[in-house]
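>
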Amino acid sequence: MSDLIDGVAVFEQREAAVRAAANATREPAPSRNPFSFSPKIAVGPDVSAITAPPVSHGPSIDGHLDPTNVDVLATGRTQSGFQRSSAELGMNDLVTINGSPTTVKVALRLGYLAGKEGDFRDTGLAAKEAGGGKGTAETPKAQVQPDYTGNETAFDDHRAENLFETIVHGTPEGAQIRAMTDVIAKGAVSNDTLRAMADAAGVSPQMLQTDLAKVQDAFAAQAAKAFRTSGVTDPDAFVEWAEQHHRGEFRDAMSQHVMDRNPKAYAKLVSKYLASRESSTPADIMEATSDTGVTVRKVDGQVVLDLPGIGTMSYAAAVRQGLVKLSRG
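Mapped onto numbering that gives the first Met the number 0, the consecutive letters of the sequence shown carry residue numbers 0 to 328.
#1: If we ignore side chains and look at the alpha-carbon of each, how far apart do V105 and D216 end up?
#2: Look at K102 and M90 and say whether their C-beta atoms are less than 8 angstroms apart.
#3: Could I get the ranges of all uninterrupted beta strand (DSSP E) runs contained in the stretch 77-134, with 3 residues as the minimum, in chain order?
#4: Just how far apart, CA to CA, sit T192 and P204?
#5: Tell me where the alpha helix (DSSP H) around D210 begins and ends.
#6: Counting along the chain, where does the alpha helix (DSSP H) carrying Q175 start and finish?
#7: Where does G114 land, buried or exposed, given buried means 16+ other C-beta within 10 angstroms?
#8: Can you list, in chain order, the residues of its chain whose CB lies under 7 angstroms from that of T170, leaving out five sequence neighbours each side?
#9: Quick check on this structure: which residue in E242, S99, A316 has the alpha carbon closest to the alpha carbon of A184?
#10: Can you tell me where the beta strand (DSSP E) holding V303 begins and where it ends?
#11: For G169, which three-state DSSP category applies?
#12: Of all the options A159, D121, S99, G110, which has the alpha carbon lying nearest to the alpha carbon of S84?
#13: What does the Cβ neighbour count give for S270, buried or exposed, with the cut at 16 atoms within 10 Å?
#14: I need the straight-line Cα distance from V303 to V182, nearest angstrom please.
#15: Assign G321 to one of three DSSP states: helix, strand, or coil.
#16: How is the beta strand (DSSP E) around G247 delimited, first residue to last?
#17: Taking its Cβ as the centre, do 16 or more other Cβ atoms sit within 10 Å of N190, making it buried, or is it exposed?
#18: I believe F163 touches V214 by the beta-carbon criterion, under 8 angstroms. Please report the beta-carbon distance rounded to the nearest angstrom.
#19: If V188 sits next to A125, beta carbons under 8 angstroms apart, how far is it from one beta carbon to the other, in whole angstroms?
#20: Determine the burial state of N161: buried for a count of at least 16 other Cβ atoms within 10 Å of its Cβ, exposed for fewer.
#21: In this structure, how does DSSP classify S189 when only helix, strand and coil are distinguished?
#22: If you follow the beta strand (DSSP E) that G310 is in, where does it begin and where does it stop?
#23: Where A274 and L268 are concerned, what is the direct C-alpha to C-alpha distance, given to the nearest angstrom?
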């Protein structure tokens, strides 16, 4: 019996020794992560010091959301709004040109893009129009600042006014500027610009051409009315004079008229015209609109009229009051 007791005692001593040895080598349990993240477990070699090379994903994924982005290709996207890289762009996909969305096909026609599907390139025209910093873009001409303040002037023809609003809101701004430039320089919108605007507006080129002609006539009528109000009794004669003697200034005024919707843009030119007529030989510049008996003379270099039943007044005052009209000399 004593041998059995001694054996149990020896076994218990050995077990106690094993437990003591195990407790001596066991690490304390990790403390609970207060943010509930799992403790980092290193598997394999430590690669934390290795920096992966940067990966280029092309244009910013939000590039097409920036209306001021002048990088046309960076704004590429599908009709449903998913971004497209330049290599993925198709003719019916969209790009944004200075804030105005349009199709790739229209952008090609307007000259903002060049190339073919899979290899489109930005021509820099959008950056040029926006005053951007692309190397190929020229420094834009300083805009002519208006010499007046006032509200926009609507057309007397309400149908033309409605057509103008429809065109402004239905076509890209860049195309509108090119159309205006075409009309001022050549008298008509170029076929490429016309087709591009028609595509954007969803109408035929023939219909848009008809609408643009009505708007053009409305601008001309508005200008002629302003000329007469300022004392020019023959608007056609004024236009001929302006084209011959002050073409650049006249075309700047035409652009100002369209952009600001206000014919007062011609005010300085009209003043020059009236002054030039007054300093010329009266027989060459005027026909009296009243009955015979009008006396024309110069006093200290100024043309003065003696009008029967009216009195004596300067030539400029007579023009403003519509008492004389200017010839086309």
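We treat Cβ as the ideally placed atom computed from N, Cα and C, and that holds for glycine. Note that the structure is predicted; figures quoted are calculated from it, not measured.
Checking against the coordinates, here is how it stands:
#1: 26 angstroms
#2: One point to set straight first is that residue 102 is Thr, not Lys, in the sequence displayed. Yes.
#3: Every beta strand (DSSP E) stretch that sits fully inside the stretch 77-134 and reaches 3 residues is listed by chain position as 93-96, 99-102.
#4: 10 angstroms
#5: 204-228
#6: 172-185
#7: exposed
#8: Closer than 7 angstroms at Cβ, skipping near neighbours: M196, A199, A200.
#9: E242
#10: 301-306
#11: The answer is helix: DSSP assigns G169 an H, G or I state.
#12: Checking every option, the nearest Cα to that of S84 belongs to D121.
#13: exposed
#14: 40 angstroms
#15: coil
#16: Premise fails: G247 lies in the alpha helix (DSSP H), 246-259, not in any beta strand (DSSP E).
#17: exposed
#18: 5 angstroms
#19: Incorrect: roughly 20 angstroms between the Cβ atoms, too far for contact.
#20: exposed
#21: In this structure, S189 counts as coil in the three-state DSSP scheme.
#22: 310-313
#23: 10 angstroms
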